[in-house]
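Residue numbers (this note's numbering), protein chains in the order written: chain W, 40 to 219; chain F, 4 to 633.
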C-alpha cells in the first residue's frame, strides 16, 4: 500500500493538533494515547485506492528552528493551517511555504491550504476569499475546516493524498500559473 | 450551594497511579467528580501523617491547574473538612492537614505564585484554630518547602580552588575537548530546563503561544541560539576543509551529549548540522570524514520524526531514571496532543481521569528530572563565556546569506529550475519565530557580560595588570564567529585590551546586535526620464513611455517601474561590480518593505566577518566574500 508522509504546519494555537487528532481518532479520541508510535498512522481510501498516512503534527515544535528543517525534509505533503479567527496566523503562512519550497528546491510541492475554526464564524478575521486567493496564487487546494464540528476534516486529508499523487506525475506543459 | 461527595464514584474509580498498564485497563472508569478526587486524595493519608499512596496526591497536585485553580482545589478541601466533621471521621481532619502539608512542602512555588491560594489557606487556618483536634501549625505557610534543589549548589559548580592553578582551563572553544563543551552546554541547557514550571507547560499547551511565557521562551531561544551558534562556528571558517573540521568537532560534541542523554541539545546540534545552510555546501560535505558522516546519519535516524519519534522515545525511556534532558519541543508536542485528544471534562462536569493521569505522568517525570542533580563538574569561567557567546543573535536569513557567500549557488542549476530567484524569499523563517526571538533585559546582559569578561581576565591576564595581549584576545574572539578583531576593540590603540575596553565592546554588541536593522543600503529613487530603452530591474520589462518612464536609484543607479519600486529586494550597493548584468546573485531580504543589508558582508582576510559597516565594506566584491578555496 502506498504510504504518505504528511506534515501539518501552522502557527501556534491554530488547531493543528485538534485537526490531526480528530482525523486519526475519529470519534474515539478518549481511548487513545497520542504519544504511542502508531498514533499518527491511519489508513485512508481516496478515489477507491487505499493508502496509509503518517502524519507529523508540528504543534509544540513550531518555535524550534532546527527541527523545522528536519521535518520538512522528511515530509512529502504539507498541510498549512491558519486560524480564520486570527489574521496573524494567516500572514504567517506565506513564509512557511517559501521555506518548504526553498528546501525542496521546487515550487511543485503538494500543499493544501486550510483555514481552521470555521465554527467560530462570528469571530472571523480572514475572509474565505482571502484564503481562496492565496490558494489560487499557489495553485493548491483550499479548505475551511472545523476540528470541533468535524467539518471537512476527512476531506482535508483526502485532498492532500490527491495533491501528492497529482504532484508525483510529471508536470504537463501549461500547467504552471502565468502571472501577468 | 451544596456539594455532595460522590464517594461511590471514588470506590469504583480506584483511581490508579501511574502504572501505565493499570491505566490502560478498559474496564476502569475514566471519570470522577472533583469532590470524589479530593476525597480519594485525603484518604491516601493516614491520621499519623504517613501516606499510603504518594502517587495519587502528587498527580492531583501536579495537574489540578488543568481542571481548576489552586484556590478552587483548596476550597474543595476545606468544604470536605467541614462536611465530614459531622460524620465523626476523627482521622479525616488530620488527613486533610497532612494533605495540605505535603502540598506546601512539595510544591512551594504554587504558593509563591498564587496570592489567592495563600489567602484561602490562611482563612482555612484561622477557621481551624477553634478546633482542638487540628494542629494548625501543620498547615502554616512557614512549613512551605524550600527551593534548595533549585539552588546553584545543587548544580554542582565546584570552582575547585586547589586545582585551578595546576590545570588552566582554556576559554577558547577550539582548544576544548568535545566532552568539556558538551558538559558546559548541557549545564546551561539544564539550568534553563529546570526553571520551567508546570504552569508554563500548561499555559503553552492550552494557548499554543509562548507569548507571556518568559521561561519557556528562554528555553526556545537557547535552543535556537545553540543551533545558530553551531552554524556560525562552522560558517566562520573560510575554507571548506576548515568547515569540515568544525563539523566533525560538533559531531564529537553530539556524541558526548548523546552519552550524557541531553537529547535537547543533541537535537539542536544535529538539527544545526543537517540544516540546509550546512548541507547545501557540497564542497564542505565532500571533505567531511566518512565516519563523521556516518555518525551524523545515525543521529538523524535517532531523532527522526518517523513513527512519532519512535527511535528517540525508545532511547529516552531506555535511559531510565538517569540524568537526562528531554527534547522540549517533543515534550510540548505531547502535552498539546494530549490536551487536544482528551477533553478536560466529560459527561456532567466529571473530570477526565485518563487525561489527568496522562498529563500527570509527564509532569511527574519532568519534576523528577528537574530535581536530579547535575552530575558533572562545571567550570564557572567557561560557563560565563559560553553563555554570552550563545546569545549573540543571528537571524536565519543572515546565516543563510553567509552560507551562500561561502559556497555560492550553482548558477546553471538555478537558471534551469528558475526557482531560487531572490525576490521569492522576502522573509524567510516563520514570522512567528521572528516575533519571539526575545530578549534578556539589559541588566541581565550586563551581569552575564561582566561575569564573562572577569573570567577571561582571570584566565589570561597572567600578571594581573588588567590587560590581555592581542594574541590572547584573537584566539578568544574566535568563540564569537562574526565579531570584530582586535583593532576595533582596542580603542586607545595601545596594542592590548583592557577590562573596560572588552566590557564596553561586548555590552555594545550584546545590546545592539540583535536589533540592528541596517537601513544604510536603502534605495533612494527619483523619477527619471530615459533617453535609451531601459529595462526594469524587478520585472525585466521595458520602462515604457516618452518621459518619466521609471524610477532610478541615486545611489546605485538601478531602474524600475513605479509599481515595481516597492518590490525591489536588491540592496543599494553603489560600487557593486555587477555580474552578468545583474546587480547580484545574492539576496538581501526585504523586511517590512525596507531593503536591508546585513553587516555580515565584509570579510577580513582571516575570514572573520566584520560587524562594522563602513564605506569600504560596500566596495567589497563578491569574489572576496567567496570561499577562498575556489
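For every residue, glycine included, the Cβ atom is placed at its ideal position computed from N, Cα and C.
* Asked: Among residues of its own chain, excluding the 5 on either side of residue 341(F), which ones have a beta-carbon nearer than 7 Å to its beta-carbon?
  -> 358, 361 and 362
* Asked: If residue 191(F) and residue 386(F) are in contact, beta carbons under 8 Å, what's the gap, nearest whole angstrom?
  -> 7 Å
* **Of the listed residues 208(F), 193(F), 107(F) and 289(F), nearest to residue 329(F) (C-alpha basis)** => 193(F)
* Taking one C-beta from the segment 43-52 of chain W and one from the segment 105-121 of chain W each time, how about it: are there three or more such pairs within less than 8 Å? -> yes
* Check distances from the C-beta atoms of the segment 222-254 of chain F to those of chain W and list, in chain order, the residues that come in under 7 Å. => 223, 226, 227 and 230
* Asked: How about the segment 175-188 of chain F and the segment 284-301 of chain F: do they share at least three Cβ pairs that are nearer than 8 Å?
  -> no
* To do: Would you tell me roughly how many angstroms separate the C-alpha atoms of residue 104(F) and residue 454(F), rounded to the nearest one?
  => 40 Å
* To do: Put residue 76(F) into one of helix, strand or coil per three-state DSSP.
  => helix
* Beta bridge counterpart(s) of residue 295(F) as assigned by DSSP -> Paired residue(s): none; residue 295(F) is not in a bridge.
* Could you give the DSSP three-state label for residue 207(F): helix, strand or coil? => helix
* Asked: Going by DSSP, what residues sit across from residue 106(F) in a beta bridge?
  -> Beta-bridge pairing links residue 106(F) to no other residue.
* If you count every other CB in all the chains shown that lies within 10 Å of the CB of residue 317(F), and 16 or more means buried, which is it? -> exposed
* So residue 153(W) and residue 179(W) are in contact, right, with Cβ under 8 Å, and what is the actual spacing, rounded? -> In fact, because the Cβ distance is near 10 Å, the residues do not count as touching under 8 Å.
* Asked: At what residue ranges does the segment 324-363 of chain F contain a whole run of the alpha helix (DSSP H), taking only runs of 4 or more?
  -> 331-344
* **Interface positions of the segment 374-386 of chain F facing chain W (Cβ-Cβ less than 7 Å), listed along the chain** => none
* Asked: Taking a cut of 7 Å between CB atoms, which residues from the segment 266-278 of chain F lie near chain W?
  -> 270, 271, 274, 275, 277 and 278
* C-alpha distance - residue 129(W) paired with residue 324(F), whole-angstrom precision -> 43 Å
* Can you grab the Cα-Cα spacing for the pair residue 265(F) / residue 327(F), in whole Å? => 5 Å
* To do: Could you round the C-beta distance between residue 203(W) and residue 195(W) to whole angstroms and report it? I think they count as a contact, below 8 Å.
  => Rounded, the Cβ-Cβ distance is 13 Å, inconsistent with contact.
* **DSSP bridge partner residues for residue 554(F) (one or two, in chain order)** => 530(F) and 563(F)
* Helix, strand or coil: which one does DSSP assign to residue 118(F)? -> helix
* Out of curiosity, what's the CA-to-CA distance linking residue 622(F) and residue 509(F)? -> Legend: pLDDT at residue 622(F) = 29, less than 50; position of this residue unreliable, value from coordinates given subsequently. The straight-line gap from Cα to Cα measures roughly 27 Å.
* The beta strand (DSSP E) with residue 199(F) in it runs from where to where? -> Neither: residue 199(F) is in no beta strand (DSSP E) and is coded neither H nor E.
* Asked: When the Cα atoms are used, what is the spatial distance from residue 104(W) to residue 534(F)?
  -> 50 Å
* Should the segment 369-377 of chain F be called in touch with the segment 244-263 of chain F, which here means at least 3 C-beta pairs below 8 Å? -> no
* Asked: Straight-line CA distance for residue 130(F) to residue 33(F)?
  -> 35 Å
* To do: Return the chain-ordered list of same chain residues with a C-beta closer than 6 Å to the C-beta of residue 52(F), the five sequence neighbours on each side being excluded.
  => 101
* To do: Identify whether residue 148(W) lies in helix, strand or coil by the three-state DSSP scheme.
  => coil
* Comparing alpha-carbon positions, which option in 79(F), 303(F) and 542(F) lies nearest residue 99(F)? -> 79(F)
* Closer than 7 Å by C-beta to residue 101(W): which residues in its own chain qualify, once you throw out the five before and the five after it? Chain order, please. => 50 and 51
* With a CB to CB cut of under 7 Å and the five nearest residues on each side skipped, what residues in its chain are close to residue 189(W)? -> 61
* With DSSP collapsed to three states, give me the class of residue 400(F). => helix
* Does any CB atom of chain F fall closer than 9 Å to the CB of residue 78(W)? -> yes
* With distances taken between CB atoms, is the gap from residue 332(F) to residue 226(F) smaller than 9 Å? -> yes
* At which residues does the alpha helix (DSSP H) containing residue 48(W) begin and terminate? -> Counting along the chain, residue 48(W) falls outside any alpha helix (DSSP H), though it belongs to the beta strand (DSSP E) covering 41-48.
* To do: Report the three-state DSSP secondary structure of residue 93(W) (helix, strand or coil).
  => strand
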